[in-house]
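Below is one structure; the comments refer to it alone.
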Amino acid sequence: MRMTPVTRSSHHRVGFDTVFHGLLWLCAMLVLASLGGLILLMATGGWQAFTAFGLDFFTRTSWNPVKDIYGVLAPLLGTVVSTVIAMLIAVPLAFGTAFWLVYIASSRFASIVGTTIQLLAAVPSIIFGMWGFQTIVPFIARDVQPFLNHHFRHTSILGPILSGPPVGTGLVTAGIILAMMIAPFITAVMVDVFGAVPPMLRESAYGLGATRWEMMRKIVVPWSRNGMIGAIVLGMGRALGETMAVTFIIGNVTSVGWSLFAPRSTVASLIALQFPESPAGSLRLSSLMALGFILMVLSCVSLVLARLLRGKRS
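UniProt numbering applies: residue 1 is where the sequence shown begins, and numbers increase by one.
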């Protein structure tokens with residue numbers, strides 16, 4: 001048998017493939033280097049605060065720039081609680097909207113609502129903050145908190161949660177605004193995930209006499225679970241790091257308490273407010289860098305837990 005000689009074009013193809021392979025490796029390494037550089041920058045920048053305060057930095061509630069005494073507990077709790085409130089509101093809202101768009105609404109109406117949701121996701125965060133300050137804060141202060149205080153302030157569980165003057169700013173207000181911000185992102189991802197469910201499975205369930213509720217619970221949710229977890233983690237990541245909208249409406253008070261309606265602060269809002277006023281090399285700046293490092297660690301932990309949950313479900 002006669003061997004076909006290697007042509008010049010074949011050499012060019014091999015060369016292009018080698019260059020393409022190298023570019024892909026370079027892109028991957030740049031992503032890893034960027035993440036490693038961010039973590040290293042935050043860790044080295046906050047090292048002065050970690051060594052100065054030790055474990056007290058994580059348990060102290062005071063943040064006093066005048067006395068150079070800093071603690072992460074108050075903004076960290078504010079971040080976690082406001083994110084939890086936002087997820088409790090946004091996830092059911094996004095799930096219901098996505099399911100309605102894919103399986104219930106007509107195609108024309110679904111396209112209109114879907115486009116509106118995409119436009120809502122593109123609204124800058126500062127617009128949500130301005131809207132929340134002008135609309136949600138007065139509504140909470142004038143109607144919601146006085147009503148709840150009047151009816152539930154004497155109960156042992158809800159009383160401490162509802163305590164405080166009705167100023168409107170606080171964790172509940174921040175949670176509502178964050179929910180409005182992250183719900184479009186979660187909805188958009190869930191729409192794509194629900195749309196990927198094989199029609200044969202749904203039609204088979206209907207053919208066996210399943211209701212729409214049973215089809216959703218036994219077909220759509222099990223099939224889409226991993227994608228839904230990814231959507232929730234995407235929304236959680238934005239809620240954890242949101243800055244401007246939260247700064248407008250949370251009150252920016254570094255304190256710890258039971259009330260969900262009292263002014264509080266988050267890690268991102270505290271950094272945004274005080275970073276420009278922190279001198280280079282100061283303990284205050286190092287404490288803010290340490291806050292940024294803790295926020296990155298918190299985001300990474302949430303992502304790892306989500307991946308573990310996905311693996312367990314699979």
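Here a beta-carbon is modelled for each residue, glycine too, at the ideal position from N, C-alpha and C.
Open item on the list: Can you find the residues in the same chain that come closer than 7 Å, C-beta to C-beta, to residue 90, ignoring five residues on each side of it along the sequence?
Closed with: 179, 182, 183, 186, 235
- [ ] Enumerate in chain order the residues of its own chain whose CB-to-CB distance from residue 205 is below 8 Å, with the five nearest sequence positions on each side excluded.
- [x] 214, 215, 218, 219
TODO: Mark residue 109 as exposed unless 16 or more other C-beta atoms lie within 10 angstroms of its C-beta, in which case mark it buried.
DONE: exposed
TODO: Please report how far the alpha carbon of residue 105 lies from the alpha carbon of residue 162, in whole angstroms.
DONE: 39 Å
Open item on the list: Please state the DSSP three-state secondary structure of residue 64.
Closed with: strand
Task: Own chain partners of residue 123 with C-beta closer than 7 Å, once the 5 adjacent residues on each side are dropped - done: none
Open item on the list: So for residue 227, helix, strand or coil by DSSP?
Closed with: helix
TODO: Starting from the C-beta of residue 79, find all residues in its chain whose C-beta is less than 8 Å away, skip the five residues before and the five after it, and write them out in chain order.
DONE: 240, 266, 267, 268, 295, 298
Task: Nearest-angstrom Cβ-Cβ length linking residue 83 and residue 136, presumed shorter than 8 Å - done: 17 Å between Cβ atoms; not a contact.
- [ ] Compute the Euclidean distance between the alpha carbons of residue 292 and residue 38, then round it to the nearest angstrom.
- [x] 10 Å
Task: residue 142, buried or exposed, once every other Cβ within 10 Å from all chains shown has been counted against 16 - done: exposed
Task: DSSP-derived helix/strand/coil call for residue 251 - done: strand
TODO: On the DSSP bridge assignment, give the partners of residue 103 in chain order.
DONE: None; residue 103 has no bridge partner.
Open item on the list: For residue 277, count the other beta carbons within 10 Å of its own beta carbon; 16 or more makes it buried, fewer makes it exposed. Which is it?
Closed with: exposed
Task: Per-residue burial, residue 77 [other beta carbons within 10 Å of its own, 16 or more giving buried] - done: buried
Task: CB of residue 286 within 7 Å of CB of residue 48, strictly - done: yes
- [ ] Would you check if the segment 221-228 and the segment 187-198 touch, i.e. whether three or more CB-CB distances between them fall below 8 Å?
- [x] yes
Task: Stretch pair the segment 55-70 + the segment 144-155: three plus CB contacts closer than 8 Å - done: no
- [ ] Alpha carbon to alpha carbon, how far is residue 237 from residue 210? Give it in angstroms, no decimals.
- [x] 36 Å
- [ ] Return the chain-ordered list of same chain residues with a C-beta closer than 8 Å to the C-beta of residue 125, the five sequence neighbours on each side being excluded.
- [x] 181, 242, 243, 244, 245
Open item on the list: Going by beta-carbon coordinates alone, are residue 175 and residue 86 separated by less than 7 Å?
Closed with: yes
- [ ] Measure the beta-carbon distance from residue 170 to residue 264 and round it to whole angstroms, keeping in mind my assumption that it falls under 8 Å.
- [x] 6 Å
Task: residue 249 classed as buried or exposed, judged by whether at least 16 other C-beta atoms fall within 10 angstroms - done: buried
TODO: Name the two residues that bound the continuous alpha helix (DSSP H) containing residue 208.
DONE: Note, residue 208: premise wrong, no alpha helix (DSSP H); not H, not E.
TODO: Please go through the same chain and pick out, in chain order, the residues whose beta-carbon is closer than 6 Å to the beta-carbon of residue 6, but skip the five residues on each side of it.
DONE: In this prediction, residue 6 scores a pLDDT of 49, lower than 50, which makes its location untrustworthy; the coordinate-derived value is nonetheless stated afterwards. If we look at residue 6 and ignore the five residues flanking it on each side, it has no Cβ neighbours.
- [ ] With a 10 Å radius around its C-beta and 16 neighbouring C-beta atoms as the bar for buried, classify residue 94 as buried or exposed.
- [x] buried
Task: Selected residue, minimal CA-CA separation from residue 149, among 46, 260, 41 - done: 260
TODO: For residue 31, count neighbouring C-beta atoms within 10 Å of its own C-beta (all shown protein chains included) and say buried if the count is 16 or more, exposed if not.
DONE: exposed
Open item on the list: Taking its Cβ as the centre, do 16 or more other Cβ atoms sit within 10 Å of residue 197, making it buried, or is it exposed?
Closed with: buried
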